[in-house]
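Engineer: First the structure, which I've put down as structure tokens, then a few questions once you've had a look.
Numbering (the numbering used here), first residue to last: 1 to 487.
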């Protein structure tokens, strides 16, 4: 689901079906994952260096002095990478003010819009993107601005307006860089707007235009998610069968196991118990198989006789496989995790599952997007939750302290659990993809089933993240008690 922009801007902002996560609440981390050692030090050093340079690049009025366009953009990029949004915008605005005819003004406007979008100042992001489209609509940045304006509208709770923007992009830029994802995005925007029939029509148009490609398969997957959301169980089974015959090539936003689960779920809800059991059993289970685990949970109340015996055999095999890899699931920082978990009524094993995925227990880990420490917190998110964790002030370097990261990250996870009670998939998705996005996906999926929700997650990175976290959690629940004592 990831789609990267080739530009000097480090991070990318998109939204809809299968795109790079634009505003990860805890980290907003690039998909490259955390960095350690000299790379991290160089990144932190670059931030400190540009701040020192800015201290010496101001006039008596504290306004930034005129630098070269390239230097303004370089410093803005360093700040943006570290989510120092105001400082980044200061340099982009300086470039625009000092060099009104500079060819890189559109790049600066795009950066400003992206920074607003990442900090959830959606109305300001929309205004900036609209300015970019009006003034520079023929440039690549102008095309990006039109696409991202739909993102801002979705976040503002205006899915119909967002769908109209995607339609404008498709009409204006037939060969645009995002022409395929614009087709997919308009489908989900129409779903969110309650315009299901129009979404179905766009699915047909998309499949026809992109026949034989991964985009066609993704459009068919969108139809399956729509059928399930609308409780059209018969059509969902038909769509799932058609999807199962497709080639799951690179760029396809689903897997055979996910499609099989949605089919089994539809049969289950349709009251076709025998067919549902067979469909659930067709999904392979293993320690890392999220949908295999969900299928086993479903089968626990359905399978009987030979099917029940097969389920027990599979369960014993997976249990043994997890036990054989127990060394891969350590439980360090036990006291700090237990203290935070007990104070906030969290399962400490879920915290371990998050940490394992975020940093692999490396306290000095840092992502290319400026997320730091065990729980890969960004400074803006950390400062938001620090008071609830009993911290009055917080600097970037303090996020490398394990106890601080655990306290602040635990406070954030507790807040997410209040938003999405009894739905750990949504909590994990929020930690990675932002709770505002997750609230939309929960509403769009319509059914209180973890597998249905996970299938409707709009970012490929976030969907993969959720499945990995839940696989970690499955292992930690088997291996440890709620007090983090090895069983």
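We put the beta carbon where it would ideally sit given N, CA and C, even for glycine.
The structure displayed is predicted, hence computed values, not measured ones.
Determine the DSSP secondary structure at residue 64, reduced to helix, strand or coil.
Structural biologist: One-based indexing of the chain shown puts residue 64 at position 64. Of the three classes helix, strand and coil, the one that applies to residue 64 here is strand, per DSSP.
Engineer: Please classify residue 366: does DSSP put it in a helix, a strand, or coil?
Structural biologist: The count along the chain shown starts at 1 and reaches residue 366 at position 366. Correct three-state label for residue 366: strand.
Engineer: Near residue 9, which residues of its chain fall below 8 Å by C-beta distance, leaving aside the five closest residues on each side in sequence?
Structural biologist: On the chain shown, residue 9 is found 9 positions in, with the first residue counted as 1. Low local confidence applies: a pLDDT of 32 at residue 9 is under 50, so the model's placement there is unreliable, and no value is given.
Engineer: Which same chain residues end up closer than 8 Å to residue 210 when comparing Cβ atoms and leaving out the 5 residues on each side of it in sequence?
Structural biologist: On the chain shown, residue 210 is found 210 positions in, with the first residue counted as 1. So the list reads 180, 183, 216 and 219, once near-sequence residues are dropped.
Engineer: Taking C-alpha atoms, which residue in 476, 389, 442 and 344 lies nearest to residue 353?
Structural biologist: The residue you call residue 353 lines up with position 353 of the chain shown. Proximity to residue 353 across 476, 389, 442 and 344 peaks at 476, based on C-alpha coordinates.
Engineer: Helix, strand or coil for residue 480? Go by DSSP, reduced to three states.
Structural biologist: If you number the chain shown from 1, residue 480 lands on position 480. Strand, per DSSP.
Engineer: In the structure shown, what three-state DSSP assignment does residue 32 receive?
Structural biologist: In the chain shown, residue 32 corresponds to position 32, counting from 1. Low per-residue confidence applies at residue 32: pLDDT is 39, beneath 50, and the placement is therefore not dependable enough to give any value.
Engineer: Measuring CA to CA, which of 202, 153, 157 and 141 is closest to residue 173?
Structural biologist: Indexing the chain shown from 1 puts residue 173 at position 173. Looking at the Cα atoms, 141 is the closest of the given residues.
Engineer: What residue from 336, 472 and 234 has the CA that sits closest to residue 424's CA?
Structural biologist: For the purposes of this step, residue 424 is taken as residue 424 along the chain shown, with counting starting at 1. That would be 472, whose Cα lies nearest to the Cα of residue 424.
Engineer: What residue range does the alpha helix (DSSP H) around residue 169 cover?
Structural biologist: Mapped onto the chain shown, residue 169 falls at position 169. Where residue 169 is concerned, the enclosing alpha helix (DSSP H) stretches over 159 to 172.
Engineer: Might you give, ordered along the chain, the residues of its own chain that have their beta carbon closer than 7 Å to the beta carbon of residue 27, omitting 5 neighbours on each side?
Structural biologist: Counting from one through the chain shown, the residue named residue 27 turns up at place 27. Here residue 27 scores only 43 on pLDDT, less than 50, and its place in the model should not be relied on; the value that follows carries that caveat. Same-chain partners within the cutoff: 367, 369, 371, 376, 377 and 378.
Engineer: Which class does residue 73 belong to by DSSP, given the choice of helix, strand or coil?
Structural biologist: By one-based count along the chain shown, residue 73 stands at place 73. Residue 73 falls in the helix class under three-state DSSP.
Engineer: Just the C-alpha distance for residue 50 and residue 91, rounded to the nearest angstrom, thanks.
Structural biologist: In the chain shown, the residue the question calls residue 50 occupies position 50. In the chain shown, the residue the question calls residue 91 occupies position 91. Going from the Cα of residue 50 to the Cα of residue 91 covers about 11 Å.
Engineer: Output the boundary residues of the alpha helix (DSSP H) element that contains residue 497.
Structural biologist: The shown model of the chain, from 1 to 487, leaves out residue 497, and the question about it has no answer.
Engineer: Which residues mark the beginning and the end of the alpha helix (DSSP H) in which residue 437 is found?
Structural biologist: As a working mapping, residue 437 is identified with position 437 in the chain shown. Taken as a continuous stretch (DSSP letters only), the alpha helix (DSSP H) holding residue 437 covers 435 to 445.
Engineer: Going by alpha carbons, who is nearest to residue 330 out of 314, 362, 307 and 208?
Structural biologist: The count along the chain shown starts at 1 and reaches residue 330 at position 330. The option with the nearest alpha carbon to residue 330 is 362.
Engineer: Hey, could you find the ends of the alpha helix (DSSP H) residue 402 is sitting in?
Structural biologist: As a working note, residue 402 is residue 402 in the chain shown. Where residue 402 is concerned, the enclosing alpha helix (DSSP H) stretches over 402 to 419.
Engineer: Provide the residue(s) that pair with residue 486 in DSSP beta bridges, ordered along the chain.
Structural biologist: By 1-based counting over the chain shown, the position of residue 486 is 486. Answer by DSSP bridge pairing, in chain order: 480.
Engineer: Between which residues of its own chain and residue 129 is the CB-CB distance below 6 Å, once the five residues before and five after are set aside?
Structural biologist: By 1-based counting over the chain shown, the position of residue 129 is 129. Cβ neighbours of residue 129 beyond the five flanking positions: 113, 145, 148 and 149.
Engineer: Here's the rule: buried if 16 or more other CB atoms are within 10 angstroms of the residue's CB, otherwise exposed. What is residue 462?
Structural biologist: Translated into positions along the chain shown, residue 462 becomes position 462. With 16 or more Cβ atoms within 10 Å of its Cβ, residue 462 is classed as buried.
Engineer: Does residue 387 pass the burial test, meaning 16 or more other C-beta atoms within 10 Å, or should it be called exposed?
Structural biologist: Translated into the one-based positions of the chain shown, residue 387 becomes position 387. By the neighbour-count definition (other C-beta atoms within 10 Å, threshold 16), residue 387 is an exposed residue.
Engineer: Please state whether DSSP places residue 51 in a helix, a strand or coil.
Structural biologist: Taking the chain shown and counting its residues from 1, one reaches residue 51 at position 51. The answer is helix: DSSP assigns residue 51 an H, G or I state.
Engineer: Of the residues 413, 336 and 320, which one's Cα is nearest the Cα of residue 382?
Structural biologist: Taking the first residue of the chain shown as 1, we reach residue 382 at position 382. Out of 413, 336 and 320, 413 has the C-alpha closest to the C-alpha of residue 382.
Engineer: Counting along the chain, where does the alpha helix (DSSP H) carrying residue 179 start and finish?
Structural biologist: In the chain shown, residue 179 corresponds to position 179, counting from 1. Residues 179 to 192.
Engineer: Could you tell me whether the region 399 to 413 touches the region 442 to 456, where touching means 3 or more Cβ pairs closer than 8 Å?
Structural biologist: no
Engineer: Have a look at residue 281 and residue 241 and give me their C-alpha separation to the nearest angstrom.
Structural biologist: By 1-based counting over the chain shown, the position of residue 281 is 281. By 1-based counting over the chain shown, the position of residue 241 is 241. Taking the straight line from one Cα to the other gives about 16 Å.
Engineer: For residue 399, does the three-state DSSP call read helix, strand or coil?
Structural biologist: Within the chain shown, the letter at position 399 stands for residue 399. DSSP places residue 399 in helix when its eight states are reduced to three.
Engineer: Which residues in the same chain as residue 487 place their Cβ atom closer than 8 Å to its Cβ, once the five residues preceding and following it in sequence are excluded?
Structural biologist: Along the chain shown, read from residue 1 onward, the residue named residue 487 stands at position 487. Excluding positions up to five away in sequence, the list reads 478, 479, 480 and 481.
Engineer: Measure the CB-CB distance between residue 228 and residue 452 and report whether it falls below 7 Å.
Structural biologist: What you label residue 228 is simply residue 228 of the chain shown in a count that begins at 1. What you label residue 452 is simply residue 452 of the chain shown in a count that begins at 1. The answer is yes: Cβ separation under 7 Å.
Engineer: Can the beta-carbon of residue 399 be found less than 7 Å from the beta-carbon of residue 373?
Structural biologist: Position 399 of the chain shown, counted from the first residue, corresponds to residue 399. Position 373 of the chain shown, counted from the first residue, corresponds to residue 373. Note that the C-beta distance between residue 399 and residue 373 is below 7 Å.
Engineer: Tell me residue 377's beta-bridge partners as DSSP assigns them.
Structural biologist: Position 377 of the chain shown, counted from the first residue, corresponds to residue 377. Answer by DSSP bridge pairing, in chain order: 372.
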